[in-house]
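For reference, the structure discussed in these notes is given below.
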RNA sequence: GGCGGAGUAGCCAAGUGGGAAGGCCGAGGUCUGCAAAACCUCUACGAGUGGGUUCGACUCCCACCUCCGCCUCCA
C-alpha cells in the first residue's frame, strides 16, 4: 500500500510519488522559524508533524532530503535587534541556538540543511532571482526604490489557497499607504534600505536593501533541492500569501512546477482558546519544561492528533500524555527484561501481534492517521501483555516483539529517557533488598523513606525493585 | 461578504452505508508484608439540532446552530 497524502493544492488525498525516477529520493522543504524570539508550541506542532512525515517516509523506504530554513532578517528581527541594542547577527544567534536545543528536546530529527537567509550565497541567489524577474518584466522597482512582484504577470496566484483575487476584500491589514505599488497585492521582493534598518543592508544592482520574506524560501529551496520539490510543508497560515508567493517567484524563475505535494498543518488552541499572550495561554517549550513536563511528553501531546485537525493543547492533555507514555514504558520494560530469560527456539510471533505492527504503518500511510496508528500500538501492547500473562510468548518471540517496538519507535521517538541513578541511592536500594530477604519490614520501610529523601521512589514489582525520580 | 476546517463518553480522539478503535480519568478484579505500580476486565442502545434518501445513516444529501482558521510578510 502506498503512502497517501492530502495535497492542499488539489484538496484531495493523493498517492505520494516522488519525482525521482527510482522512486527513492524525496526532496522536502519545510518553512522554519523566524528567529526573533523563542518558538512557541504552535510552531513546534508544525515541526513535529514534519518530523513524523519524514520518519514515516523513511520507514517506508524513502530517502528524505530535508531543508528547513531560518529567517534571520525581516522586520521583526531588525526591530528586536534594535530594541536589544545588538547587532542583528548576534541577536538572532541566541534564538537560533535556542531553537536547536528545543528541537533536540522534542526529539525532532535534524533536517539535512538549515540555510539562513543572511548567508552570502543565499543573498546572492535572491539578488540573482530578483534580477531575472526584473529582466523578464515580472518585477518592477517602485518609487520607494523597493522591488515588487507584478501579480498581473502570474495569473495562477491564488490557486493554492483557492482564492479568487478579484473578490478579495481588504481586511484592514493592507497598508493603504503603499500607493507606490501598481497593484495592492504586489508583494515585496526587495525592500529598499531606510534608516530604521541601520547597518542591515546588502548591495544590489537596483540599490541597497534587504530581501523580502517570500524570496528567501524560493532561493534557499531551489538552491539546495533544485527547481522541483516533492513536498513542501508549513502551517495553514503560510498558504496565503507566503506559499503563493513562493510558487509565483520560483515558477517564474525556473519555468518548472515548484512543488508536487503541499502539506499544511492546522493551528493549535490552548485550553479551548486561541493561543495568545493576552489570554495568558501562550507557551514556549521552555515554559512547559519549567512546569515539570518533559520534551517527550510535549512531543506526545503534539504528535498524537492528526495534523490536519485543530489541536486543543491542555495541561490535562499533557498529564494524559505522561500516563500513556508510562504505559508504553512499562510494556517496553517488560518485554526487554523477558527476552533475556532462558533461551529457547521460539518461533514466529502470533499473527495478531504482527498484524498490529502492520496496522500501525498502514494507518500512517493514510495521510498520517496517527490516532489509528496509536490505536494499533495500544492494541499490540494489551494483546502482548495478555499473552505474557498467560505464558503464551517465548523469550525468542518476545525478542521479536521488541524489534517491532523498535521499528515503531523509529517513527514515534517515544522511548523513555535513560535515567541515571546516583550511586548512593543504588546502594540504599541494594541494602533494602538485603533486609527484605530477611523480611525485616521495619528496616525496609525506613530505607524506603531514606531513598525518598534522596528524591527517588522505589516500587517493589514482580521483577524486583524499580526506581523512578520523584 | 468570499473561501476553508471542525462538532463522537467527564477529557483527547479513530474508522465505517449494516457490530461506535484507542488513550486519559473512573469502577471492579489479580498480584502484594505494607505502600505504590503493573496487568486484566468493564465503562456511549449513542454521534451539535431538525429534516431527507435508504431495507438500514454516526457515515450520503439539505437546512440550521456552535466553534475555529484564512482573506496580502503568523506554524
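Residue numbers (my numbering): 478 to 947.
Just so you know, even glycine gets a beta-carbon here, dropped at the ideal spot from N, CA and C.
Contact check, residue i vs residue j, beta carbons under 8 Å
{"i": "residue 708", "j": "residue 505", "result": "yes"}
{"i": "residue 721", "j": "residue 634", "result": "yes"}
{"i": "residue 542", "j": "residue 497", "result": "no"}
{"i": "residue 762", "j": "residue 548", "result": "no"}
{"i": "residue 905", "j": "residue 924", "result": "yes"}
{"i": "residue 770", "j": "residue 795", "result": "yes"}
{"i": "residue 688", "j": "residue 603", "result": "yes"}
{"i": "residue 777", "j": "residue 743", "result": "no"}
{"i": "residue 802", "j": "residue 774", "result": "yes"}
{"i": "residue 512", "j": "residue 842", "result": "no"}
{"i": "residue 525", "j": "residue 585", "result": "yes"}
{"i": "residue 948", "j": "residue 686", "result": "Only positions 478 to 947 of the chain appear in this structure, which leaves residue 948 out of reach."}
{"i": "residue 877", "j": "residue 826", "result": "yes"}
{"i": "residue 945", "j": "residue 934", "result": "yes"}
{"i": "residue 536", "j": "residue 887", "result": "yes"}
{"i": "residue 711", "j": "residue 508", "result": "yes"}
{"i": "residue 432", "j": "residue 593", "result": "Nothing can be reported for residue 432: it is not among the residues displayed for the chain, which extend from 478 to 947."}
{"i": "residue 556", "j": "residue 675", "result": "no"}
{"i": "residue 715", "j": "residue 741", "result": "yes"}
{"i": "residue 628", "j": "residue 663", "result": "yes"}
First through last residue of the beta strand (DSSP E) which encompasses residue i
{"i": "residue 492", "result": "489-492"}
{"i": "residue 621", "result": "Run containing residue 621: none; DSSP gives neither H nor E here."}
{"i": "residue 607", "result": "It is not in any beta strand (DSSP E) - residue 607 instead sits in the alpha helix (DSSP H) that spans 597-612."}
{"i": "residue 507", "result": "502-507"}
{"i": "residue 936", "result": "933-938"}
{"i": "residue 736", "result": "736-742"}
{"i": "residue 941", "result": "941-946"}
{"i": "residue 482", "result": "481-484"}
{"i": "residue 790", "result": "788-790"}
Environment of residue i [buried if 16+ CB atoms lie within 10 Å]
{"i": "residue 861", "result": "buried"}
{"i": "residue 896", "result": "exposed"}
{"i": "residue 632", "result": "exposed"}
{"i": "residue 943", "result": "exposed"}
{"i": "residue 490", "result": "exposed"}
{"i": "residue 652", "result": "With a pLDDT of 45 at residue 652, under the threshold of 50, the predicted position of this residue should be treated as unreliable, though the coordinate-derived value follows. So residue 652 counts as exposed."}
{"i": "residue 482", "result": "buried"}
{"i": "residue 857", "result": "buried"}
Endpoints, the alpha helix (DSSP H) within which residue i is located
{"i": "residue 872", "result": "872-889"}
{"i": "residue 577", "result": "565-582"}
{"i": "residue 926", "result": "918-930"}
Below 8 Å, how does it come out for the region 779-787 and the region 827-838: are there three or more Cβ pairs, yes or no? No: fewer than three Cβ pairs fall under 8 Å.
Minimum length 4: unbroken alpha helix (DSSP H) runs contained in the region 661-729: 690-702
Are three or more beta carbon pairs between the region 865-873 and the region 560-574 nearer than 8 Å? Cβ pair count under 8 Å is below three, so no.
Do the region 680-700 and the region 722-741 meet, that is, are 3 or more Cβ pairs less than 8 Å apart? yes
Beta strand (DSSP E) segments (min. 3 residues) lying fully within the region 802-871: none
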